[in-house]
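Just so we're aligned, residue 394 is where the sequence shown starts under our numbering, counting upward by one.
Quick reminder that beta carbons are idealized off the backbone N, C-alpha and C, glycines included.
Structure, as C-alpha cells:
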Amino acid sequence: MSVKRILGFIGLGNMGLPMAGNLINEEYEVFGFDINPTAIAKFQEKGGHICPSIKEVLQRVDVVFLSLPSPAIVEKAFYEEGIIKYGREGLIIIDTSTVTPELNRKVFQACLENKLKYLGSPISGGVIGAVNATLTFMVGGPKQDFEEVLPLLNILGKNLFHVGENPGSGTVIKLINNLMIGFYTQAVGEALTLGEKMGLDHESMFEILNVSYGQSRIYERNYKEYIAENNFEPGFTTNLLLKDLKIAKQMAEDCKVQLPIGDHLVEWYSQIANEGYGENDMSAAYLMTKKLAEKAETTK
Ligand SMILES: NC(=O)c1ccc[n+]([C@@H]2O[C@H](COP(=O)([O-])OP(=O)(O)OC[C@H]3O[C@@H](n4cnc5c(N)ncnc54)[C@H](O)[C@@H]3O)[C@@H](O)[C@H]2O)c1
Numbered sequence: 394m395s396v397k398r399i400l401g402f403i404g405l406g407n408m409g410l411p412m413a414g415n416l417i418n419e420e421y422e423v424f425g426f427d428i429n430p431t432a433i434a435k436f437q438e439k440g441g442h443i444c445p446s447i448k449e450v451l452q453r454v455d456v457v458f459l460s461l462p463s464p465a466i467v468e469k470a471f472y473e474e475g476i477i478k479y480g481r482e483g484l485i486i487i488d489t490s491t492v493t494p495e496l497n498r499k500v501f502q503a504c505l506e507n508k509l510k511y512l513g514s515p516i517s518g519g520v521i522g523a524v525n526a527t528l529t530f531m532v533g534g535p536k537q538d539f540e541e542v543l544p545l546l547n548i549l550g551k552n553l554f555h556v557g558e559n560p561g562s563g564t565v566i567k568l569i570n571n572l573m574i575g576f577y578t579q580a581v582g583e584a585l586t587l588g589e590k591m592g593l594d595h596e597s598m599f600e601i602l603n604v605s606y607g608q609s610r611i612y613e614r615n616y617k618e619y620i621a622e623n624n625f626e627p628g629f630t631t632n633l634l635l636k637d638l639k640i641a642k643q644m645a646e647d648c649k650v651q652l653p654i655g656d657h658l659v660e661w662y663s664q665i666a667n668e669g670y671g672e673n674d675m676s677a678a679y680l681m682t683k684k685l686a687e688k689a690e691t692t693k
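Below, the structure is given as C-alpha cells:
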C-alpha cells in the first residue's frame, strides 16, 4: 500500500474511537460515522472528519473499518444503510465487529458480487489494547487482501493473524476466545467472593494467585482495572459478552458439540444483565456473585 489510502470508520464507540484515533495519529485522513453524537464529537476532537451517513463515508474512502455492536446492526449497515450499494469498486471493508461466521460469509459473497473486498476481522485485547495499539486481529478472507491492509493493521495491533480464506474463520476463533473469557470472568467473581468470605483480602489473593495456576489475563484485567478500582464503566459490557456467548452456543449446537458449562454461561450472564449490570463492564459478574452471597447470608 504505497499511496496513502483514504480511510473510513463506522462505529466510534469504546473500540472504534481509539482505533480511529491511532490511524489519525499516523497522518491518515479518516472519515467517520456513528449514530451517537457524543462519539462523533470525540472523533472530531481527535482530528477525524465527520460524515452525516454511511453513504457519505463510502463516497470518500478506499478502506473502511467497521466496529458495530451486533450482527443485526452490521447486517443493516450492509443491506439497508448502503455499504454494498455505495461502496466504490475495489473498496476494502475490514469488519472488526464480532458477528456470526455465517454473516461474515453472507456479506463477503454480496461484496464479491459488487466488486468490493471484505475481511471478517474480529479483534481481541480490549479498550486498553485499542488505545495502546496492541490488539490481536483474527482475520478471515482472501490472503492477498489481508496482506494489502497489513500496514494499517500494524498501526492498530501487534498480533495479526490470517486465520483462513473462509471469511468466517477469524470469527470462529474469536468466539472460542470469548467463550473462555466468559468462564474466566465468572471464575474471578466466584474466587473473590469465596476468598472474601473466608477472610482473605483481594490484594493478597492477587499476589499469590497471579503467580499460581489460577492466574489468567482476565483475572489481571478484571481485578486490576475494574474490581480493585470499584469502577465498572466499560470496557467490554456484559451485554456484548452475552451476545458473543449466545453466538458461540449456537455455533456449538450447529456442529453438535455439547458445552456442559458453556451453555449455562448464557443463562448466567442473562441473569446478570437482567439484574441491571448489562451496560456495566463484564467484570460486574463479581458484583452479582457477591450479591447472591450476601442474599444467602441474610436469609440464613
Ligand atoms: N469493548 C471491547 O473490549 C471489545 C473487544 C473486542 C471486540 N469487541 C467488539 O467490537 C464491537 C464494538 O464494541 P464496543 O465495545 O466498541 O461497542 P460500543 O457500543 O462501545 O460501540 C459501538 C458503536 O457503534 C455505534 N453504532 C450503533 N449502530 C450504528 C449504526 N447503525 N451506524 C453507525 N454507528 C452505529 C454506537 O453508537 C457505538 O458508538 C462489538 O462487536 C464488540 O463485540 C469489543
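Handout entry: Which listed residue (K617, I516 and G592) has its alpha carbon closest to that of N570
Key = I516
Exercise for the section: Decide if N673 is buried, meaning its Cβ has at least 16 other Cβ atoms within 10 Å, or exposed. Expected result: buried
Practice task
Return the chain-ordered ranges of every beta strand (DSSP E) run that is complete within the segment 516-603 and spans a minimum of 3 residues.
Solution key: 528-533 and 550-557
Practice task
For M675, collect the residues of the same chain with a Cβ closer than 6 Å to its Cβ; drop the 5 residues on either side in sequence, then sort them by chain order.
Solution key: Excluding positions up to five away in sequence, the list reads T578, F629, T631 and L634.
Handout entry: Check: N407 C-beta below 7 Å from any heavy atom of ligand 1
Key = yes
Problem - DSSP state of F501 mapped onto helix, strand, coil - result: It is helical.
Exercise for the section: Mind the definition here: the segment 456-465 touches the segment 474-492 only if three or more C-beta pairs lie below 8 Å; say whether that holds. Expected result: yes
Problem - Beta-carbon proximity of L496 to P464, cut-off 8 Å - result: yes
Exercise for the section: May I ask you to verify whether the segment 581-591 touches the segment 553-567, counting CB pairs closer than 8 Å and requiring at least 3? Expected result: By the Cβ rule, the segment 581-591 does not count as touching the segment 553-567, because fewer than three pairs are nearer than 8 Å.
Handout entry: Endpoints, the alpha helix (DSSP H) within which G401 is located
Key = It is not in any alpha helix (DSSP H) - G401 instead sits in the beta strand (DSSP E) that spans L400 to I403.
Problem - Cut-off 6 Å between Cβ atoms - residues of its own chain near F426, not counting five sequence neighbours on either side - result: I403, C444, I447 and V450
Practice task
Since I believe A432 is in contact with L400 (beta carbons under 8 Å), could you give me their beta-carbon distance rounded to a whole number of angstroms?
Solution key: 17 Å between Cβ atoms; not a contact.
Problem - Inter-stretch contact at 8 Å, needing at least 3 Cβ pairs: the segment 602-617 / the segment 654-667 - result: Here the segment 602-617 does not lie against the segment 654-667, with fewer than 3 beta-carbon pairs under 8 Å apart.
Practice task
Using 7 Å as the cut-off, classify the Cβ of V520 as near or not near the heavy atoms of ligand 1, replying yes or no.
Solution key: yes
Exercise for the section: Pick out the complete alpha helix (DSSP H) segments inside the segment 429-493, 4 residues or longer, and give them in chain order. Expected result: Here the runs fully enclosed are 430-438, 447-451, 464-472 and 476-479.
Handout entry: Between the CA atoms of M531 and T682 - distance to the nearest angstrom
Key = If you take the alpha carbons of T682 and M531, they lie about 32 Å apart.
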